[in-house]
Amino acid sequence: MPLKIILKPHEKIFLAGAVIENGSTRASFTVLNDAAILREKDILTEAKADTPCKLAYFLVQLMYMDGENAAGYQERFAVLAREIAAADPNTAELLNEIAQMVLQQKYYPALRLANQLIAYEKGLTEHGKESS
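With the first letter of the sequence shown counted as 1, position 84 gets the number 176 in the numbering used here; the numbers rise by one all the way through.
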């Protein structure tokens with residue numbers, strides 16, 4: 093199914109192993125085949141993966157962007173997911189959903205779920221700060 097991408101001026105995207113930066117005007121193009129695509133705003137750098145749930149997102153992102161090495165990232169994700177679930181059992185169901193998407197190589201939907209995990213974690217840390 094074709095995917096139409098509209099880029100804002102100077103917006104960057106990751107497209108099938110390449111980083112593409114738009115020029116000074118809005119642009120659009122259509123991707124006709126299956127390809128890994130992430131907008132710059134959705135890319136988490138390793139330096140910003142500074143919590144367990146952000147690291148989980150980062151590992152799924154690497155699976156999506158670096159498919160050749162996905163198996164290694166999957167192993168690291170599985171270990172991390174067990175650690176997160178052990179620390180907070182409320183995350184187990186969401187982590188299981190992410191793991192199922194990963195096993196099916198549905199990395200983009202897994203990233204969307206991992207965003208929910210980050211939001212949950214952020215809510216916990218913000219609530220903890222309010223309680224202090």
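The C-beta atom is built at its ideal place from N, Cα and C for all residues, glycine as well.
This one's a predicted model, so the numbers in the text were calculated from it and none came from an experiment.
For the alpha helix (DSSP H) holding residue i, just list the boundary residues, first then last.
i    : result
A128 : From DSSP, A128 is part of no alpha helix (DSSP H); its letter is neither H nor E.
K104 : That residue, K104, is in no alpha helix (DSSP H); its beta strand (DSSP E) goes 104-107.
T172 : The displayed chain sequence assigns Leu, not Thr, to residue 172. Per DSSP, L172 belongs to the alpha helix (DSSP H) from 162-179.
Spatial neighbours of residue i within its chain, please: C-beta separation below 7 Å, excluding the five flanking residues on both sides.
i    : result
M155 : A162, Y165, Q166, V194, Y199
T143 : E213
One question on the structure: do residue i and residue j come within less than 7 Å of each other, judged by their Cβ atoms?
i    : j    : result
S116 : P94  : no
V152 : A206 : yes
L99  : A119 : yes
T137 : K96  : no
C145 : E213 : yes
L209 : L186 : yes
L147 : A139 : no
Residue i by DSSP, collapsed to three states: which one?
i    : result
A141 : coil
For the beta strand (DSSP E) that contains residue i, what are its first and last residues?
i    : result
E113 : 110-113
L225 : No information on residue 225 is available, as it lies outside the stretch 93 to 224 that the chain covers here.
Excluding the five sequence neighbours on either side, which residues of its own chain have a C-beta within less than 8 Å of the C-beta of residue i, listed in chain order?
i    : result
P201 : M193
Y149 : L136, A141, L203, A206, N207, L209, I210
D180 : L216
Ignore the nearest five residues each way along the sequence and tell me which others in residue i's own chain have a CB closer than 6 Å to its CB.
i    : result
T183 : I176, A177
F169 : L151
E189 : L205
Touching or not, the region 124-140 and the region 104-113, by the rule of three or more beta carbon pairs under 8 Å?
-> Yes: the two stretches touch, three or more of their Cβ pairs being nearer than 8 Å.
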